[in-house]
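As structure tokens, the structure follows; a few thoughts come after it.
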Amino acid sequence: MDAANLAEKKELKAKQAFVLATLISTIAGTFITGINLYDRLVEQRRQRKRDKGQNKRIKELEARLNTAEEERTKLKEEQGKQGQRKRAKGGGSASDSDADDDHDRDDDGARHLRRSLQHGGPSIQREYDRFYNTMGQKFARGDLVAQTQLQSQIIVLQSTVIKLLEEALLTGQPPDLSRLYNTSEFAREGSIRALQDQYQRFLQSAPIPRRGPRPGAPIRRTSSTPSLRGDAASEAGWDHPPVRKALPPAAAANLYHDGMRSGTNRKGPLFCPYAVDLQHSPSPTLVHVTCPACGTLLENPPAGRDEREGCQSSWRIEKEVVIRDRDRDWERRGRSSSRGSRYGDKDEKVDTKSFILTPRFVAKCHRPDSGYACYLCLCHRDRDTLCKTEETLVSHVAGKHSIAEYKQDRDIKEMARTLPYR
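For the sequence shown, full-length UniProt numbering assigns the number 1 to the initial residue and increments by one for each residue that follows.
Structure below.
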């Protein structure tokens with residue numbers, strides 16, 4: 001009896017040692033279930049479309065047979081008199097054409113949904129693995145806050161995504177693609193945010209020494225004295241650009257997608273008139289504490305310094321990029337990474353690029369009265385993203401947009417490290 005109790009206690013202790021890992025595995029499995037249900041729904045829709053086409057062809061054949069029978073009867077009645085044959089011309093009805101158009105309009109939303117379900121689980125797992133490799137079993141066990149947050153994301157996924165897809169399979173009615181997509185994105189971003197928050201809490205309670213170079217997080221506190229790669233920065237010559245600390249936690253509920261731009265039901269303009277002016281003209285500088293158009297509180301640069309020289313409220317974000325280079329002096333230039341592999345005669349290196357989101361970028365994203373709309377989504381996406389807070393906007397830009405898109409915006413500055421990354 002004692003041996004059985006001891007075995008049960010050991011098993012319970014082993015499970016408790018990996019509570020967070022189990023929750024992450026459950027979330028990833030829920031995303032996979034969502035993909036499977038979605039694929040079944042798509043196959044069901046294709047089958048119904050095939051059945052509908054077959055029924056349509058059967059009706060056309062029946063109409064032709066009826067017409068031929070009528071012509072034969074008419075020929076017999078006329079007894080040799082030549083009559084005109086009426087040939088039926090089949091065609092789809094207007095309602096069928098409208099239904100096909102509706103399916104075409106839904107295709108974009110369906111692709112976005114499947115991509116979100118497909119990448120949700122792996123992206124959460126990668127974030128967990130990154131933190132686990134640094135902190136080990138302590139991170140796998142997790143704290144009560146992170147466990148509660150991840151459990152809530154599982155409930156959201158199962159009660160919304162899985163439930164709606166199952167109902168669509170049973171009823172045959174098309175699901176609300178926009179609601180499914182938003183829920184999937186919220187669950188993914190909320191889970192990643194829960195892992196990042198727990199990592200920060202563990203660092204504050206017991207800092208862990210770094211074990212050699214490792215890839216950086218998407219957003220990290222500034223630890224060196226970089227300089228901006230821009231004309232204004234090089235001319236100014238200031239040594240310590242005031243960069244805001246790492247992005248604070250932002251609830252997933254603060255961000256939502258406004259649907260396809262062509263069919264949006266948004267009330268009012270997307271941007272404030274002053275924000276539109278900043279978007280289309282390089283000359284206006286951010287010199288107002290409040291927006292002159294809508295009265296929204298805006299950040300301003302320090303007194304006596306032009307906004308282009310940097311501001312006290314800039315945001316720093318970081319992106320990893322894989323670089324293949326033939327140069328054998330790569331490591332001597334101080335830009336080598338702990339991860340790298342050889343492909344033929346090329347070396348693959350993982351580098352980290354840093355960018356500054358200036359206050360001018362945030363200002364040109366603000367909406368009338370309150371909130372923000374992502375300017376990069378307006379330029380590079382087919383749907384708009386609305387954010388309730390500045391922190392949520394920065395988190396969205398860091399996680400959803402690429403380096404190529406950063407470089408096309410004059411208000412996002414690339415930073416050059418003056419010291420090798422450690």
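Note that CB positions come from ideal geometry on N, CA and C, so glycine has one too.
- Residue burial is scored here from C-beta neighbours: residue 48 has fewer than 16 other C-beta atoms within 10 angstroms and is therefore classed as exposed.
- Each of 281, 176, 372 was checked against the Cα of residue 110, and the nearest Cα belongs to 176.
- Of the candidates 131, 382, 406, the residue whose Cα lies closest to the Cα of residue 357 is 406.
- Counting only residues of its own chain and dropping the five nearest sequence neighbours on each side, residue 37 has a CB closer than 6 Å to the CB of 165.
- Under DSSP, residue 318 takes part in a beta bridge, and its partners are 354.
- Annotation for residue 150: the continuous alpha helix (DSSP H) segment containing it runs 144-156.
- Between the segment 30-45 and the segment 198-207, the count of Cβ pairs shorter than 8 Å is below three; the stretches do not touch.
- In this structure residue 184 touches residue 120 by the C-beta definition: roughly 6 Å separates them, less than 8 Å.
- Membership of residue 180 in any beta strand (DSSP E) is not indicated; the residue belongs instead to the alpha helix (DSSP H) covering 177-205.
- Collapsing the DSSP output to three states places residue 349 in a strand.
- Around the beta carbon of residue 280, fewer than 16 other beta carbons lie within 10 angstroms, which makes this residue exposed.
- With respect to residue 145, residue 186 sits apart: the two C-beta atoms are not nearer than 8 Å.
- By the Cβ-count criterion, residue 34 is buried, with 16 or more other Cβ atoms from all chains shown falling within 10 Å of its own Cβ.
- For residue 414, DSSP records a beta bridge to 355.
- Where residue 383 is concerned, the enclosing beta strand (DSSP E) starts and stops at 383-387.
- One Cα belongs to residue 181, the other to residue 113, and the distance between them is close to 5 Å.
- Within the same chain, 293 come within 6 Å of residue 273 by CB-CB distance, once the 5 residues on both sides are set aside.
- One thing to note: residue 414 has its Cβ no nearer than 8 Å to the Cβ of residue 364.
- Ranking 45, 355, 130, 46 by CA distance to the CA of residue 319 puts 355 first.
- For residue 116, same chain residues with a beta-carbon under 8 Å away, outside a window of 5 residues either side, are 181, 184, 185, 188 in chain order.
- Ranked by how close their Cα comes to the Cα of residue 171, the residues 41, 410, 46 have 41 in first place.
- Of the other Cβ atoms in all chains shown, fewer than 16 fall within 10 Å of the Cβ of residue 403; this residue is therefore exposed.
- Nearest neighbour of residue 39 by Cα position, chosen from 169, 22, 278, 268, turns out to be 169.
- For the pair residue 377 and residue 369, the CB atoms are not nearer than the 8 Å cut-off.
- The bridge partners DSSP lists for residue 38 come to none.
- Boundaries of the alpha helix (DSSP H) harbouring residue 279: 273-280, taken from the DSSP string.
- Taken through DSSP and simplified to helix, strand or coil, residue 373 comes out as strand.
- Per DSSP, residue 293 lies in no alpha helix (DSSP H) and is assigned neither H nor E.
- Under the three-state reduction of DSSP output, residue 366 falls in the strand class.
- Judged by their CB atoms, residue 23 and residue 127 are not nearer to each other than the 8 Å cut-off.
- Within the model, the alpha-carbon separation for residue 163 versus residue 71 is close to 55 Å.
- The residue from 374, 123, 138, 411 with its alpha-carbon nearest to that of residue 271 is 374.
- Cβ-Cβ distances below 6 Å link residue 380 to 405 in the same chain, with the five nearest sequence neighbours on each side left out; the list follows chain order.
- For residue 147 and residue 362, the gap between their C-alpha atoms comes out near 33 Å.
- In the DSSP assignment, residue 136 falls outside any alpha helix (DSSP H) and carries neither an H nor an E.
- Beta-carbon to beta-carbon, residue 350 and residue 394 are separated by about 23 Å, too far to satisfy the 8 Å threshold.
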